[in-house]
Amino acid sequence: MTPTLTAARAGVSRGWIEMRQTFTNAQDLWNYFFPTVLLFFVMFFMRGSTVPGTNFSLGSRTLPSALGMTVAFGGLITMAMALATEREDGTLLRAKATPNGMVGYLVGKIVSVAGITAVSITLYLVTGAGLVGGLNLGDPGAWLTLGWVSVLGMVATFPIGAILGSLVSNPRNMGLIMLPMMGLIATSGIFYPITNFPGWLQGVAQAFPIYWLGLGMRSALLPDSMAAVEFGHSWRHLETAGVLGVWAIAGLILAPIVLRRMARRESGSSVAARREKAMQRIT
183 MTPTLTAARA GVSRGWIEMR QTFTNAQDLW NYFFPTVLLF FVMFFMRGST VPGTNFSLGS
243 RTLPSALGMT VAFGGLITMA MALATEREDG TLLRAKATPN GMVGYLVGKI VSVAGITAVS
303 ITLYLVTGAG LVGGLNLGDP GAWLTLGWVS VLGMVATFPI GAILGSLVSN PRNMGLIMLP
363 MMGLIATSGI FYPITNFPGW LQGVAQAFPI YWLGLGMRSA LLPDSMAAVE FGHSWRHLET
423 AGVLGVWAIA GLILAPIVLR RMARRESGSS VAARREKAMQ RIT
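The numbering of the sequence shown is the numbering used here, which starts it at 183 and goes up by one.
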């Protein structure tokens with residue numbers, strides 16, 4: 183077995199360990215459950231509203247859209263936050279100092295974040311199915327679509343999240359990523375069809391993966407009749423796969439380049455300087 187494959191196997195084991203540990207941490211559990219509770223409050227207040235031009239519940243439409251948002255959030259925010267935090271505390275420096283350590287580190291991070299994202303999606307589905315109706319949960323084709331959209335969405339967003347995390351040297355500056363992310367979520371049709379938005383805003387939304395993840399999840403779980411409120415009165419599976427594929431290819435090409443440059447800049451003195459700044463903020 184080659185050293186790279188050995189490091190990858192070690193990364194898989196590391197990822198499973200990190201995922202198990204995170205479910206024993208009260209703060210991490212709160213971070214998982216709070217968005218779920220918040221989403222259910224939103225859907226509760228939407229229960230009397232319908233999608234414009236239909237009699238279909240707006241809350242039922244929101245649930246699959248939120249699944250796409252969860253995949254995007256895990257890839258873009260959770261991954262970026264992990265890299266920024268572990269860059270500051272020296273974890274990345276230790277990985278850099280180990281032969282093929284960066285390979286094992288990144289594989290482990292992908293496994294742990296993907297596992298956490300999968301658990302979050304399951305939590306949304308299990309609890310949300312009892313709150314809203316009209317979902318195609320009994321259709322095998324729906325689960326197949328849910329699967330390929332989720333996997334392709336992770337491949338499209340995880341490398342971009344790693345790039346963003348490598349560019350943020352201080353985890354307390356994550357607001358620079360969070361604010362644009364919240365803006366994209368608000369304009370990507372997660373809570374309301376973007377066909378009712380201005381034309382230029384519709385174009386912006388369709389340039390990013392969040393819209394396509396939401397559309398893909400809606401195509402899996404909503405009745406075919408709900409395609410009438412989407413662009414072209416179609417679920418646009420080919421376009422969904424194409425846009426997510428382009429983001430995946432771009433991320434997989436750029437991420438290794440950016441991460442290698444970031445790793446080369448890491449040193450004991452840079453980690454010590456960041457720790458000192460963090461301690462000054464606390465005191």
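Backbone N, C-alpha and C fix where the C-beta goes; we use that ideal spot for every residue, glycine too.
C-beta contact flag for residue i and residue j at 7 angstroms
i: Met399; j: Gly250; result: yes
i: Gly385; j: Ser247; result: no
i: Met336; j: Gly257; result: yes
i: Gly433; j: Pro341; result: yes
i: Ile303; j: Thr252; result: yes
i: Ala344; j: Met225; result: no
i: Met201; j: Ser351; result: no
Beta-carbon contacts of residue i that lie in its chain and below 8 angstroms, excluding the five residues immediately before and after
i: Met263; result: Gly347, Pro353, Met356
i: Thr186; result: Asn282, Val285
i: Val411; result: Val233, Pro234, Gly235, Thr236, Pro375, Thr377
i: Gly316; result: Phe238, Ser239, Ser242, Leu404, Pro405
Coil, strand or helix - residue i by DSSP
i: Thr232; result: strand
i: Ser294; result: helix
i: Ser239; result: strand
i: Tyr287; result: helix
i: Gly398; result: helix
i: Phe390; result: coil
i: Phe379; result: coil
i: Glu421; result: helix
i: Leu346; result: helix
i: Phe413; result: helix
i: Pro281; result: coil
i: Pro405; result: coil
i: Thr206; result: coil
i: Thr252; result: helix
Neighbourhood of residue i by C-beta distance below 6 angstroms, restricted to the same chain and skipping five residues each side
i: Leu334; result: Leu426
i: Leu383; result: Thr369
For residue j and residue i, the rounded distance between their alpha carbons
i: Leu349; j: Met444; result: 8 angstroms
i: Ser332; j: Thr339; result: 10 angstroms
i: Trp325; j: Leu319; result: 8 angstroms
i: Ile298; j: Ala437; result: 21 angstroms
i: Phe205; j: Arg276; result: 24 angstroms
i: Thr184; j: Ala192; result: 12 angstroms
heavy atom of the ligand FMN below 6 angstroms from residue i C-beta
i: Leu220; result: Although the ligand FMN was asked about, the structure shown includes no ligands whatsoever.
Review point. Is there contact here, the region 385 to 405 with the region 419 to 427, by at least three beta-carbon pairs under 8 angstroms?
Key: yes
Review point. Is the region 284 to 304 touching the region 195 to 205, taking contact as three or more C-beta pairs under 8 angstroms?
Key: yes
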